[in-house]
Amino acid sequence: MAKVLHAIGLAGIFFLTVAVGDARGQTQAPPPHAAPAAPAAAIPAAEVIAKSSEVASFLGTVAEKFTPSAEIEKIERTLPEITRQIDLDFTDTSVTLGEQPPLTTIQAEQTRWQQRHLQVSSWLTVLTQRAVELRAAYDTLSRSAGIWAQTRDAVQAEQAPHAIVQQVLSTLEAIQAAQAQLKSREDAVLGLQGSLAAELSRCDEMLAQITRAQKSAVAGMLSRENPPIWSSELWARARATLPDRLSSIARGFWTNIREYLTDPARGLPVHAALFLALTLATGAARRRKRQWAASGIGVSAVVNVFDRPYSAALMLVLWGASAAFSPAPARVKDLLLAVAFVPVMRLVRPMVDPRVLSMISAGVLLYMVDLVRRALGGAPLIEQALLVLESVVAMAALGWVLQHDRLRHIPGQVPAILRSHFGPALLKLLVVALVIGGLAAGLGFTRLARLITPAVLNGGALALILFAAARVARGSLAIALRARPLDRLQMVRKHCDLLESWAQRLFFWAAAFVWARRFLEYIGLLDPVVELGNAILEIRLERGSISISIEDILAFGITVWAAYVLSAFIRFALQEEVYPRRGVARGMSYAYSRLVHYVILAFGFLVGLGVLGLDLSKVSVLAGAFGVGIGFGLQDVVNNFVCGLILLFERPVHVSDIVEVGGLQGEVRRIGIRASTVRTYQGADIIVPNSQFITANVTNWTLSDQLRRIDLPVGVNYGAAPQQVIEVLETVALANERILKEPPPRGLFMGYGDSSINFELRAWTDQFDNWGLIRSELAAAVYDAVYAAGMSFPFPQREVRVLGGPETGVPETSQPKGGAETLQPIRGK
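Numbering follows numbering that gives the first Met the number 0, in which position 604 of the sequence shown is assigned residue number 603; successive positions increment by one, without gaps.
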């Protein structure tokens, strides 16, 4: 896809250039005073004054429009420097391609030249547009000059007044002067355009060479490039060519280093300024960490990365300076990348186990050796020997890891996936790849060996750099979350660890994406993978008039998922930051959050439909048809959904309310789209359809407040004084701290019972969740107070009559102790 867009851009520039060239060739011949091909009629003498005023206004507009453009002046100033840089890059890239570099170096050169090509192309487009506008204005003035030339002849022939003749002559002179100025500016623009076209041609030429080098590197992958390493012919050729080759490489290195040091366009001032800024930032982070440690404030362990602030800053700068987008020369990039591993190792050392550190050090050393091999630029014999050495040492290191099962016995130092069964399998696969790479290098299949062994080393080195960079990023985030102004946010203070865990996942996936892209780019599979992905995304699923591509479906899913994530974050921010500051009640905050959730999801769904390519004007028709189907088949679901919306808008029930509906009593935990969740006091979660809260009788114990009246019935013996009992009950209630003083507790005489006189204690509490415990406390206190006052709680009194006489052996009367029951036999007649 990118190549197609690139080709379209080149074609557009080409046709614009050709059009301007044709226009220049067609319009350059006629002199300024030449009459147009189809002359217009002369202006009448009576209209000369008015027409001359119009011409003066038009000439002023033209002069204002075509004043020297700041963008074109910038192009004119920068063009010599760009030409010089293209000359240097052309020579440097030609030498690099001649050394048979690996695919990653070729792709880096391709990226650099594509950026240069894009810059020159954009400038050429600006100049082409300017030239077309100048030519159109010049042609307009030419036609106007022809008309006024005829008018001059006509007024002179008519012997018009002298003022009219002078007005015509002055207008014609002004038009001719404007023509000359436009012609001069057009020539200058076309001159710049020609120079840029030449530089664009050189960019095209170099890109063509890079493309041929890529095809040659891939096409000859399985062909033998050199004799075997033990061949006498190879040794003889190495002795003959190696001194000159090393001398040429040294000169190239020195040239690139001197250019990097002396040419500001190569990025050294930017890199130095960036290092200074990062050093100040990391130094401030270290001071902040030490202040927190001295104050006893606990912080995440990731901030320990700032114990070495200079290493953190230097690593980031060197890694950026060696990236593909950096303007530094290619050999300098390799040198900077090698130096970058010094701060990387200083940052990694405190984070890992010493046994893991030894493996990492061995991998870094091998990568340094591979950088030396790349710097030698395909020197005969030396490159093959280094590839064999790298393969053998890497195989030995991986074999040692497999033999001692280091991945299992060092938890937390490597990813969990490597500590599983997948880890040993991956290491065995790498060993096999290294065996193939070493054999290919020894047998002379150098291109294949350049692809395999360096790819393994580059993948490990890149993972190490990304690990260190992710630690620095996590440490920076941890410092930022605990510093102003973020530390003033409640959601940051309460959930700092949660935010850090979210950021850790984000950094992990970002590092994984960067690693995959750079690794595929290194082995030359990035473009094929991108093309394959585009081909898969462009697959269309067609059914009748409906045609949807995989890309549309994926975009729809990503849009809806992004809306869900955005909704979750906004609800989290509202719940933790806005509602507490505004004092919003829990039930109302839940209602607001659900409304925000539904609105964002609906908006995301509509946007997803637009991304899917669906005509939104037809959505109403589909919604109408869908509504008819819902009316018949899903009316209960829709009824519950509408009732859920009523609950959210009308708010008769809030989350955390204590309700009683349909014989069920409990706490409302959630109000969903279709149903709500009520948790009973027995611990069960009951799913209640939302329609029950709207159509049935609902008792909401906590709708307006959290007050609850406690009713405690009390029965005392008949000998007690009622007023004394009431005073005892009210005194007990007032003595409880969790009973409200307003409204005051009341003791009431309720009536006469069979065995007792009945009273009731009524008291209010604002601790609704604990009202059962408070009632129990009151009951126990009343029990103690009643007995302390000399009163008692009577047993039930029952009178039982037993039918019989003396012959039954049952006494006539029997009075049990305690007076609980009276047994009275009944004699028969």
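Beta carbons are placed, not taken as given, at the ideal position from N, Cα and C, and that holds for glycine.
Pairing Ala311 with Leu364 gives a Cβ-Cβ distance that is not under 9 Å. By a beta-carbon distance limit of 8 Å, Leu456 contacts Tyr366. Their separation comes to about 5 Å. Excluding sequence positions up to five before and after Leu380, its CB lies within less than 6 Å of the CB of Leu233 and Ala237, all in the same chain and listed in chain order. Take the alpha-carbon of Val513 and the one of Ile538: they are about 27 Å apart. Using a 10 angstroms sphere on the CB of His653, the tally of other CB atoms reaches 16 or more, which defines it as buried.
Beta bridge pairing from DSSP links Val687 with Ser675.
Note on the segment 511-593: whole alpha helix (DSSP H) runs with a minimum of 4 residues are 525-536, 549-572 and 578-581, in chain order. Note on geometry: alpha-carbon atoms of Leu433 and Ala323 lie some 27 Å from one another.
Around the beta carbon of Ala144, 16 or more other beta carbons sit within 10 angstroms, so the residue counts as buried. For Leu739, the closest C-alpha among the options Leu706, Gly771, Met749 and Leu728 is that of Leu706. For Gly682, the closest alpha carbon among the candidates Ile693, Arg673 and Val667 is that of Val667. Under the 10 Å beta carbon count, Gly718 is surrounded by fewer than 16 other beta carbons and is classified as exposed. For Ile535, the number of other beta carbons within 10 angstroms of its own is below 16, and it is reported as exposed. If you look at Ile709, you'll find it in the beta strand (DSSP E) that goes Arg707 to Val715. Of all alpha-carbon atoms in Leu611, Ala695, Ala374 and Tyr259, the one lying nearest the alpha-carbon of Ser546 is that of Leu611. No Cβ-Cβ contact shorter than 9 Å links Gly746 with Gly714. Within its own chain, the residues whose Cβ lies closer than 6 Å to the Cβ of Arg737, once the five positions on either side in sequence are excluded, are Thr764, Gln766 and Ile773, listed in chain order. For Thr698, the pairing in a beta bridge is given by DSSP as Glu659. From the listed residues Gly459, Leu608, Arg446 and Glu520, the smallest Cα separation to Ser222 is found for Arg446. Going by beta carbons, Ser299 and Arg473 fall inside the 9 Å limit. For secondary structure counted as the alpha helix (DSSP H) over 4 or more consecutive residues, the segment 724-796 holds these complete runs in sequence order: 770-787. Annotation for Ile478: the continuous alpha helix (DSSP H) segment containing it runs Thr445 to Leu480.
Distances from the CA of Arg673 to each of Val583, Thr95 and Leu646 were compared; the closest alpha carbon is that of Leu646.
Distance between Gln175 and Glu530, taken at the CA atoms: about 57 Å.
DSSP places Met350 in no alpha helix (DSSP H); its state is neither H nor E.
Below 8 Å, too few C-beta pairs join the segment 200-210 and the segment 350-358 to call them touching: fewer than three. Looking at the DSSP output, Val667 shares a beta bridge with Val677. When the five nearest sequence neighbours on each side are left out, the beta carbons in the same chain lying within less than 7 Å of the beta carbon of Arg285 are those of Phe305, Asp306 and Pro308, in order along the chain. Residue state for Gln158 is assigned as coil, using DSSP reduced to three classes.
With 16 or more other Cβ atoms from the protein chains shown falling within 10 Å of its own Cβ, Met394 counts as buried. For Arg257, the enclosing alpha helix (DSSP H) stretches over residues Ser231 to Thr261. The three-state reading of DSSP puts Glu224 in coil, since its state is none of H, G, I, E or B. Of Leu241, Thr261 and Leu317, the smallest CA-CA separation from Thr278 is found for Leu317.
Its chain contains Ile478 and Ala482 as the residues whose beta carbon lies nearer than 7 Å to that of Arg287, once the 5 sequence neighbours on both sides are disregarded; these appear in chain order. Burial check for Ile686: the Cβ neighbour count within 10 Å stays below 16, so the residue is exposed. For Leu525, the CB contacts under 7 Å within the same chain, skipping 5 residues up- and downstream, are Arg516 and Leu519 in chain order.
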